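Peer 1: Residue numbers (the numbering used here), protein chains in the order written: chain X, 1 to 419; chain V, 1001 to 1307; chain Y, 2001 to 2240; chain G, 3001 to 3291. Positions of the beta carbon are idealized from the N, C-alpha and C atoms, including for glycine. Predicted model only: the values in this text are computed from it and were never measured.
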Amino acid sequence: MNIRGALAGLVLAASTVFGARAAPAPAEIKVGTLYASTGPFAAISMPAYDGIKLWVKQANAAGGVYVKPYHKKIPLKLIAYDDQSNTATAATLYNQLITQDHVEILISDSGSVLTSVAVPIAREHKQLLFDLSGTGAPFFSKDNPYIVLMSLPISTLWPKAQADFLNDVGWRAGVRKVAILYATNDFTGTHAKSLAGYLRKAGKETIVYDQGVPTNTTNYSVLINNIAAAKPDAVIELGYPGNDIAFLRALQDSGEKFRYVFTLFGGFEMHAVLGGAGASAMVGTFTYIPAALYPYKVNYGPTVEQFHAAWDKAYPPGSGVAWGADGLMGYMSGLVIERALATTPGMSQLDLRRAVFALSGKLDTLAGAFRLNPVGAQIGEMTPMGQLRADGPHAVRPVAVYPPALAMGKPEFGPRSGQ
Amino acid sequence: MRKRGLLPDLLLPALVLVAFGAAPFLYSNELMLFNFVTFLALAQGLNIVYGFTGYLPFGYVGFYGAGAYGFALAVMHLHAPPLAAMAAGGAAALVLAVVLLPLLRLSGAYFAIASLAAAQAVYEVVSNPALENVTKGPYGVSLSGVFAPRFSYFVALAILGGAFALVVWLRNSRFGLALQAIREDPVSAASAGVSVVRGRTIAWLLSALVAGLVGAAFAWHISVFYPDTAFDLGVSIFATVFVLFGGATTLTGPLLGVLILYGVYNWIGITVPQYFQFIYGALIVGLVLFLPNGLVSLLTARGIRVP
Amino acid sequence: MADAADAPLLQAEGIETGYGKVQVLWGAGVDVRARESVVLLGANGAGKTTLLKVLVGLLPSWRGTVRLGGEDVTALRTDRRVRRGLAYMSELGVFAGLTIDENLRIGGQFVERAALRTRIEELYAVFPDLAERKRASAGSLSGGQRKMLGIAKALAAGPRVLVMDEPSAGLSPLFVQQVIGVLGRFRAQGLAMLIAEQNVAFLDLADRVFTLEGGRIRFEGTVAQLHADDALHRAYFGLA
Amino acid sequence: MLIGAIVAGVVFGLYFTLVGLGLNLVFGVMRIVNLAHGDFLMLGGYAAWWLLSAFGIHPLPAAAIVLVVFMLAGLPLYYLVVPRLQRARDSEMLSLILFFGLSQMIEAVTTIVVGTTERSLPGRLLGIGPMIVLGARLPKPWVFSAAVSAVAVLGVYLYLYRTRLGTLTRAVMVSRDEALATGIDIHRVSAIAFGISLGLAGIAGVFAPFMLGSITPNIGVGLNITAFAVIVVGTLGNPLGTVVGGIVYGVSLMLMQTYFSSWANLLPNLLLIAVLLARPQGLYGRRVRLA
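#1: Under 7 Å Cβ to Cβ from I2100(Y), same chain only, skipping five residues before and after it: list those, please.
#2: Under DSSP, the beta strand (DSSP E) around Q387(X) begins and ends at which residues?
#3: Pull up the distance between the alpha-carbon of I1304(V) and that of T1250(V), whole angstroms please.
#4: Across which residues does DSSP place D364(X) in a beta bridge pair?
#5: Could you tell me whether the segment 1100–1120 of chain V touches the segment 3092–3107 of chain G, where touching means 3 or more Cβ pairs closer than 8 Å?
#6: Straight-line CA distance for H2227(Y) to P2128(Y)?
#7: Taking the alpha helix (DSSP H) that S3053(G) falls in, what are its first and last residues?
#8: Any chance you could list the alpha helix (DSSP H) runs of at least 4 consecutive residues sitting entirely within the segment 123–173 of chain X, in chain order?
#9: Going by the CB atoms, is the gap between M282(X) and V396(X) shorter than 9 Å?
#10: Of the residues V1243(V), A1080(V), V1196(V) and F1164(V), which one's Cα is nearest the Cα of L1104(V)?
#11: Name, going along the chain, the residues of the segment 72–91 of chain X whose beta-carbon falls closer than 8 Å to a beta-carbon of chain V.
#12: Which residues in chain V have a C-beta closer than 9 Å to the C-beta of D186(X)? List them in chain order.
#13: Look at the alpha carbon of A1019(V) and the alpha carbon of A1181(V), and state the distance between them as a whole number of angstroms.
#14: What span of residues does the beta strand (DSSP E) with Y182(X) cover, start to end?
#15: Shorter than 9 Å from the beta carbon of G1234(V) to some beta carbon of chain X?
#16: Using the DSSP secondary-structure output, state which residues sit across from G32(X) in a beta bridge.
#17: Where N144(X) and V375(X) are concerned, what is the direct C-alpha to C-alpha distance, given to the nearest angstrom?
#18: Which residues, in order along the segment 1002–1036 of chain V, keep a beta-carbon less than 8 Å from a beta-carbon of chain X?
#19: Out of L2041(Y), K2021(Y) and A2012(Y), state which residue places its alpha-carbon closest to the alpha-carbon of K2053(Y).
#20: So for Q1019(V), helix, strand or coil by DSSP?
#21: Suppose contacts are defined by Cβ-Cβ distances below 9 Å. Is L2025(Y) in contact with G2069(Y) by that definition?
#22: Measure from the C-beta of M3173(G) to each C-beta in chain A and report whether the shortest distance is under 9 Å.
#23: How many angstroms separate the CA atom of N1035(V) from the CA atom of D186(X)?
#24: For a test of the three-state rule: what should DSSP assign to Y2236(Y), helix, strand or coil?
#25: Considering A342(X), what are the terminal residues of the alpha helix (DSSP H) in which it resides?
#26: Please state the DSSP three-state secondary structure of I3132(G).
#27: What residues of chain X sit near G1147(V), judged by a beta carbon separation below 8 Å?
#28: Would you tell me roughly how many angstroms separate the C-alpha atoms of L1101(V) and T1201(V), rounded to the nearest one?
#29: With a cut-off of 9 Å, does the C-beta of D2079(Y) fall near any C-beta of chain G?
#30: How about W3142(G): is its C-beta nearer than 9 Å to some C-beta of chain X?
#31: Any Cβ of chain G within less than 9 Å of the Cβ of P1129(V)?
#32: For I3301(G), does the count of other Cβ atoms within 10 angstroms reach 16, so buried, or fall short, so exposed?
#33: Taking G3246(G) and L3077(G) to be in contact with their CB atoms under 8 Å, please state how far apart those CB atoms are, rounded to whole angstroms.
#34: Counting contacts by CB-CB distance shorter than 9 Å, is I3231(G) in contact with chain Y?
#35: If you drop the 5 nearest sequence neighbours on each side, which residues of the same chain put their C-beta closer than 7 Å to that of R353(X)?
#36: Identify which residue in V1187(V), V1288(V), A1158(V) and L1256(V) has its Cα closest to the Cα of L1017(V).
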């Protein structure tokens, strides 16, 4: 292995020296990524990986992607490893993609935790990290040009929609006391903190319950009892799909009724949560409306309907691959990368960065507007608030209710307890 | 008479250290090499306590995690230079080992499970959101300020050298022989004047120290990690299987275990983890039933001395 | 028929065995005929328990054969031998955590339900101490009572031959006499017995005696013949 | 809130009695630690999910099917592994490692077959909405699972104390050597106990989706630690002691969740260590090395 690695290094060094002037087009563009087939992040990682695969398949079916420096279409080669939701494994594999596979495009695994270890490694090796959905604010700093966030706004920006909604519409509907229950991981933990921050800053609603529980919590019955004892009007549960399913089921079994109940993945992975919790537990709850459930106007790539149709064709319903926001983010990241390759001035990693930044503010994809701040974080579309309505006995459909510019229906709050 | 075994006992580790010292200049996935060094050291560390006293701590990762967090806390709160923080990591593991000394009163399976529970308990404390200001809780640690992959690789290699030295010493000293006597038969060993409690305590502390230093080196090398990585039960499991597979009490056994099994893991385990997990499980079952003393027992059972 | 009647009920021949690499028995053998009471005399560490374990199937023999009622049972497990009419009372003798009644029912595990009930009633008649405390835990019994329960438990199986390992162990002389008394009653009823002992008081029960020394049978014969041998007499009865 | 937590704890603890019951039975009879117990439980959960989604079988008959199938599966598994294991020098310790290997195999195969998606059963199958017990609101599926657990405990009691085979089983538990000497067919008794243990794990698995929220192929490892904590607290080797262990665990877990929710997961670990250290002699005095 060592000798082979050394030889590969020599060959590469030689080809760099001799290839500097001629710049022959490579036979393929190597795209490297990781996925988690098992563990806590499998639920958000596998769909994203399926989205990337779909993009690669479509691009190669069209003869590859157009790469500007070579003036021709070049097929993509996807190199992907399974990190099994383990950050130590992921770190080794990111290294493998950069140092052994020499990928031109490095896409991180889904979620902040599995992205976090990639940030110093990519920076160390001067490789641009296409950050799929790692929204942790500490990833982005002025002294690190080697990261760019593709889809979601960074997590501190995210909860503003909800805070605004509660302060505005919620307040008028009589919501005064708020309970926040969150899973303690980078993603939902940061989220909960900034939500509480926004609410406190506005100074209208009072937070009567604010508790973190381990991400592997699946038993919410007692927690719900305790929340009920604090008599909140609004209950906001922030967790991964497994948490949301368990919470919604426990809430239904407990018989407690709150005026406003929010879950994160009730919208983001609506179909997965529906499969676990059932429609009756979800009807009337609030959530964010991800791009997968919202028809953004596009100026580049397919609309969400077109994409959904392509998805169902590639992964027929029942094949075990859920349709949701993470799949869309994987696919959409591919689209942006494709566009960047078509416009990049050169093939160096910093050239690619320039190309991506040049797209900021110009692209409207099925995930909404693509806009970056100077450190590479996404500040595009504000995720709208939505409410889930019954769609027949066994399904729900989302209705965007806030902000007014994006709203497609009016929110309905539950009855005041005791009424 | 023991001298006859000393030379091969010194040669083998020297060979390994030289090979892994040269490796980063030939193979660029340094993190992969680092993982090998990590597991080589952990396997020898576990060998110290399991091979020479018969105690098998399922929660060995607890010391590794303590070391990683000892390093991180020293860097974050005391702004300690990395080498001083390494010492803090080793100290943290030692403190934990001292706290857990009463566990040595338990035997076999109870000890194994109690140590596992102890490691889990430490993890629950470290990862608790209530301690976010101290440990960053479940949100993980970022030490990008001291990030130095090449230097920390060689520090880890030095720790591996230390672990090798400890095992060589145990294999070739009166103290090590006394320990083995305790393992075989505590009652007669005690009556023969060997201090059972002292012997076990020393082996336990040394073993913890190795894991703690390895954990600290890991923290330094990777610089971004989470409590569930630092306390990943898989680390214990891997180290245990490597030692059992190769055969404890020897230098070769754990070494073979890491090179073969971790090699196979990196070769097929990454692409098809479930199949690898299955093979791993089957291997454990087969080993316990048919070769409970590991690969080297194929030789040692024939009276051949294996380094 | 004559052959079958003469053939030993229980017989071990040329037994060699040990633990790990340590050999304990070096071609030892012993036999018990129908209605006969045999005492296997030997000091601590002579290999008595080891020989009994081979007889009942708790320890495999490296060499030699064990016959039960003429059938070669060397390869049979203990439970199969018990089904064929062998009962064994170990030094432990009883299940301390279970009640007296349960101990007896376990002893008679292979006996048909109704027959077992009658047999247990009969045993209670012989052991009134036990009958009084049927529901008490065997652990609450005194040492002597425990031995009685051990004997009763072994007899509950209705064995053709009863093998006992040191029934006197740990008992005061008074209780030893009680045990000998009870066993004497069963001997009178014609129960075949093999008793391994170092207490010569049990020779009162013996039709024949074997002595075991260093894993070998040193002597086989009647009690009278034993007394006649000066060296043996000295070894077991002292200078008296 | 206090009463509510205690009532919920008792109900929850009864379920965890069922989780630990089989593990304790196997330990009592065979002196081995079945570290794959949690994985058999997980398999029971998937069996219930599969029976419902493929054939529409309600969890209650599914539990009966799982019980029988798992019991039958336990017999050959016993003969394949345990007798050979018990001949080894330190079988108690080796059992831990061996069954850990088995646990890895089970988890791997399950992952290959069903994937890693969280699966659960609709709670309405066991009744929707809360049930008021002593003023505490409990989910109906909890009460249901606790009732099934109580029936299982009763069943094990009747088996051990009212049947011939059960008496022999207890004899083996009291003294393996004496049982051998008495001519008890230890392997038959043990194999049946092993089968019962798997059956109990299977039933516990059927109700796991209701009690734990959802199941994935990797829940086994965590459940093993919990189950071990329950039986250590309850008294190792005494299946009926598991009831005490389960309730102590359930009540203290619920109290923790109520008053110090983020520390709740610390609990089984601390309980385990505390009980092991505080009662080192244990019921059979075998827990301590001579030193």
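Peer 2: Quick look at the numbers:
#1: L2130, R2133, K2134, A2136, A2138 and L2149
#2: M385 to A390
#3: Rounded to whole angstroms, the separation of the alpha carbons of T1250(V) and I1304(V) is 12 Å.
#4: D364(X) pairs with A369(X).
#5: Segments in contact, yes.
#6: 37 Å
#7: H3037 to F3055
#8: 160–165
#9: yes
#10: Of V1243(V), A1080(V), V1196(V) and F1164(V), the residue nearest in Cα terms is V1196(V).
#11: Y81, D82, Q84, N86, T87, A88, T89 and A91
#12: P1138, Y1139, G1140 and Y1226
#13: 34 Å
#14: K177 to A183
#15: yes
#16: Per DSSP, I79(X) and L106(X).
#17: 8 Å
#18: Only those residues of the segment 1002–1036 of chain V whose C-beta falls short of 8 Å from the nearest C-beta of chain X are listed: A1023, L1026, Y1027, S1028, N1029, E1030, L1031, M1032 and N1035.
#19: A2012(Y)
#20: Per the sequence presented here, residue 1019(V) reads as Ala, with Gln not at that position. DSSP places A1019(V) within a helical segment (H, G or I) once states are collapsed to three.
#21: Between L2025(Y) and G2069(Y), the CB-CB gap reaches or exceeds 9 Å.
#22: No chain A is present in this structure, whose protein chains are X, V, Y and G.
#23: Looking at the two C-alpha atoms, the distance is approximately 25 Å.
#24: helix
#25: Per DSSP, the continuous alpha helix (DSSP H) segment holding A342(X) begins and ends at A325 to T343.
#26: strand
#27: The displayed chain sequence assigns Phe, not Gly, to residue 1147(V). Within 8 Å Cβ-Cβ: P120 and E124.
#28: 7 Å
#29: yes
#30: yes
#31: yes
#32: There is no way to answer for residue 3301(G), as the model of chain G reaches only from 3001 to 3291.
#33: Going by Cβ atoms, the distance from G3246(G) to L3077(G) rounds to 25 Å, so no, they are not a contact pair.
#34: no
#35: L128, P145 and V148
#36: Taking only the C-alpha atoms, the option nearest L1017(V) is A1158(V).
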